[in-house]
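These notes concern the structure reproduced below.
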Amino acid sequence: MNATQRKLLMQLVIGAAWVDGELDRPERQYLQALLERQKLDQDPDLLALLDTPIALPQLEAWLVLFLQGTSTPTRLAALATIANLLMADGVVNRSEHNLIDEIHSLMAQIPASRDEEEYRQAAPGLVQGLRGLVRRALDGAKHLFQ
Numbered sequence: 001m002n003a004t005q006r007k008l009l010m011q012l013v014i015g016a017a018w019v020d021g022e023l024d025r026p027e028r029q030y031l032q033a034l035l036e037r038q039k040l041d042q043d044p045d046l047l048a049l050l051d052t053p054i055a056l057p058q059l060e061a062w063l064v065l066f067l068q069g070t071s072t073p074t075r076l077a078a079l080a081t082i083a084n085l086l087m088a089d090g091v092v093n094r095s096e097h098n099l100i101d102e103i104h105s106l107m108a109q110i111p112a113s114r115d116e117e118e119y120r121q122a123a124p125g126l127v128q129g130l131r132g133l134v135r136r137a138l139d140g141a142k143h144l145f146q
């Protein structure tokens with residue numbers, strides 16, 4: 001995955017973290033740690049996203065952009081990246097394993113064609129699934145930053 005795709009992936013993760021309209025201190029710390037692991041912790045655009053709720057249409061637009069610009073192997077690499085991001089402590093517990101399974105199921109819902117309209121139609125459901133996954137991951141990782 002190239003730098004642009006990694007940045008877009010982090011935009012999706014941060015945007016999905018805003019599911020409830022707020023990020024508390026442990027959630028911000030977790031997301032900042034994810035940015036550090038991706039070597040994106042100095043990116044002003046991503047840092048600004050930690051302070052501003054992301055509107056659903058923006059999140060859907062980013063997802064469509066990501067899908068348009070990636071091949072199936074890159075999407076699988078994204079799945080691996082998301083899975084690694086969710087394992088903040090390096091240990092895969094049962095809930096993290098379930099999250100990874102859910103991510104895999106979510107990725108399977110991505111249209112196989114490269115048609116932009118199909119991506120736009122699939123985006124709302126995919127974004128909703130991504131938001132739920134990230135929210136559960138953040139809830140599971142809060143204890144690491146309290």
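Here the numbering used here is used: the first residue of the sequence shown is 1, the next is one more, and so on.
Beta carbons: idealized from backbone N, C-alpha and C, even for Gly.
Check                                                                                                                         : Outcome
Would you grab the beta carbon distance between R120 and V64 for me? Rounded to a whole angstrom, and I think it's under 8 Å. : 6 Å
Going by alpha carbons, who is nearest to E117 out of A55, P44, Q68?                                                          : Q68
Please report the straight-line C-alpha distance between A55 and G15, rounded to a whole angstrom.                            : 8 Å
Name the residue from D139, S113, L8 whose alpha carbon lies nearest to the alpha carbon of D45.                              : L8
If L23 and L50 are in contact, beta carbons under 8 Å, what's the gap, nearest whole angstrom?                                : 7 Å
Which of helix, strand or coil does DSSP assign to R114?                                                                      : coil
In the DSSP assignment, the alpha helix (DSSP H) including E22 goes from what residue to what residue?                        : That residue, E22, is in no alpha helix (DSSP H); it is neither H nor E in DSSP.
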